[in-house]
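Working notes for the structure below.
Residue numbers (the working numbering), protein chains in the order written: chain D, 186 to 388; chain G, 17 to 118.
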């Protein structure tokens, strides 16, 4: 499993919602693309679950659309599944989770996962197709924020997500992320982020 | 009159005890950074006040001389002022944080 930083960050954002136990994204082949679950849930079990769901013809059929969703309610908790256009987001939450808050968070996370998911071009490149594009400046900044801040990256990623595409907007966002880190995480990390983002933005 | 003073001291000790617990709990929720450092100072001051509150009834029991009592009162004023300064700093940081997320 090799999850992308934006997927990891989106799932971490979901994990911060009270009542959410964990979440994972899996594709049509049953492969777990990204997962944020407590260590008590072993990877093999999650892979088996995603494999069985994706292999189920009814599941594939019912959750084929872009806005398809499935909610399984149990005495101890709920399992929510949202379609991500070719892959699915599965969320396990306790019965105490606030449905409204969860719904809002899910909508936001699904949007983040959809917007930032790279366009699917098939397994093999078409003749004459250009090689995979290098990550954009914003993507690199997001990767730095995720790598440096780990589980505390959600707010920094929100700041970056709200930044405009112009270089001055990105510089302002980088300053804000640095300030946020200095205030709430650590001065050392803030200096590190400042240094790396300056490198990305070219001084 | 003394009973009223003891009663107020007891009440102050209980409230400050709750403050100590709350501040330590919140300290665990704060990762670090400037706000974390300021919260550390705040927690220390709350602990310091708590100890002061605990021993304050002894000032009545042992009839502390007025010159020492004056010293105690102005020391409380000083630490109280530092406390307010740190609280204002944290509120300023919080407002900065809210602006960052606007």
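Even glycine gets a Cβ: it sits at the ideal position worked out from N, Cα and C. For clarity, every value in this text was computed on a predicted model and none was experimentally measured.
Asked: For residue 366 of chain D and chain G, any beta-carbon pair shorter than 8 Å?; Found: yes
Asked: Give me, in chain order, the residues of the same chain whose beta-carbon lies closer than 8 Å to that of residue 109 of chain G; leave out the 5 immediate sequence neighbours on both sides.; Found: 50, 51 and 54
Asked: Hey, out of D:192, D:189 and D:287, whose CA is closest to residue 204 of chain D's CA?; Found: D:287
Asked: Got a sec, what are the start and stop residues for the alpha helix (DSSP H) residue 208 of chain D sits in?; Found: That residue, residue 208 of chain D, is in no alpha helix (DSSP H); its beta strand (DSSP E) goes 205 to 212.
Asked: What are the start and end residues of each continuous beta strand (DSSP E) run of 3 or more residues lying completely inside the segment 229 to 262 of chain D, in chain order?; Found: 254 to 258
Asked: Give the straight-line distance between the Cα atoms of residue 385 of chain D and residue 325 of chain D, rounded to the nearest whole angstrom.; Found: 7 Å
Asked: List the residues of chain D that residue 113 of chain G touches, going by C-beta distances under 8 Å, in chain order.; Found: 365, 368 and 369
Asked: Taking just the CA atoms, how far does residue 67 of chain G sit from residue 390 of chain D?; Found: This structure does not reach residue 390 of chain D, given that chain D is present from 186 up to 388, and the question cannot be answered.
Asked: What is the DSSP secondary structure of residue 288 of chain D, counted as helix, strand or coil?; Found: helix
Asked: Tell me residue 267 of chain D's beta-bridge partners as DSSP assigns them.; Found: D:254 and D:274
Asked: Quick check on DSSP: helix, strand or coil for residue 219 of chain D?; Found: strand
Asked: Would residue 298 of chain D and residue 195 of chain D be called neighbours here (beta carbons separated by less than 8 Å)?; Found: yes
Asked: Of all the alpha helix (DSSP H) runs that stay within the bounds of the segment 308 to 386 of chain D, which reach a length of 4 or more residues?; Found: 322 to 334, 339 to 347, 352 to 369 and 372 to 386
Asked: Is the closest heavy atom of the ligand ATP to the C-beta of residue 203 of chain D under 7 Å?; Found: By its list of ligands, the structure shown contains no ligand whatsoever, and the ligand ATP lies outside what it can speak to.
Asked: Who does residue 279 of chain D pair with in a DSSP beta bridge?; Found: D:262
Asked: Consult DSSP for residue 226 of chain D and reduce its assignment to one of helix, strand or coil.; Found: coil
Asked: I'd like to know if the segment 99 to 114 of chain G and the segment 365 to 377 of chain D are in contact, where contact means that at least 3 CB-CB pairs between them fall below 8 Å.; Found: yes
Asked: As a quick exercise: from G:107, G:83, G:95 and G:20, pick the residue whose alpha carbon is nearest that of residue 64 of chain G.; Found: G:95
Asked: Assuming residue 236 of chain D contacts residue 222 of chain D under a Cβ cut-off of 8 Å, what Cβ separation, rounded to an integer in Å, is found between them?; Found: Going by Cβ atoms, the distance from residue 236 of chain D to residue 222 of chain D rounds to 16 Å, so no, they are not a contact pair.
Asked: Beta-carbon of residue 37 of chain G versus every beta-carbon of chain D: anything under 8 Å?; Found: no
Asked: Have a look at D:285, D:261, D:245 and D:257 and flag the residue whose alpha-carbon is nearest the alpha-carbon of residue 273 of chain D.; Found: D:245
Asked: Taking only beta-carbon positions, decide if residue 372 of chain D is within less than 8 Å of chain G.; Found: yes
Asked: Taking C-beta pairs closer than 7 Å, name the residues in chain D that residue 51 of chain G reaches, listed in chain order.; Found: 368 and 369
Asked: Shortest alpha-carbon distance to residue 107 of chain G belongs to which of G:80, G:87 and G:58?; Found: G:58
Asked: Below 8 Å on C-beta distance, what does residue 385 of chain D contact in chain G?; Found: In chain order: nothing, as chain G lies at least about 19 Å away.
Asked: Quick one: what does DSSP say residue 82 of chain G is sitting in, helix, strand or coil?; Found: helix
Asked: Would you identify the three-state DSSP class for residue 189 of chain D, choosing helix, strand or coil?; Found: coil
Asked: When the Cα atoms are used, what is the spatial distance from residue 234 of chain D to residue 253 of chain D?; Found: 19 Å
Asked: Counting beta carbon pairs with one atom in the segment 27 to 41 of chain G and one in the segment 67 to 79 of chain G, are three or more of them shorter than 8 Å?; Found: yes
Asked: Compare the beta carbon distance of residue 419 of chain D and residue 374 of chain D with 8 Å and say whether it is the shorter of the two.; Found: With chain D running from 186 to 388 in the structure shown, residue 419 of chain D is simply not present.
Asked: Using the Cα positions of residue 376 of chain D and residue 337 of chain D, report the straight-line distance between them to the nearest angstrom.; Found: 16 Å
Asked: Below 7 Å CB to CB, which residues in the same chain sit around residue 359 of chain D once its five sequence neighbours on both sides are set aside?; Found: 326, 382 and 386
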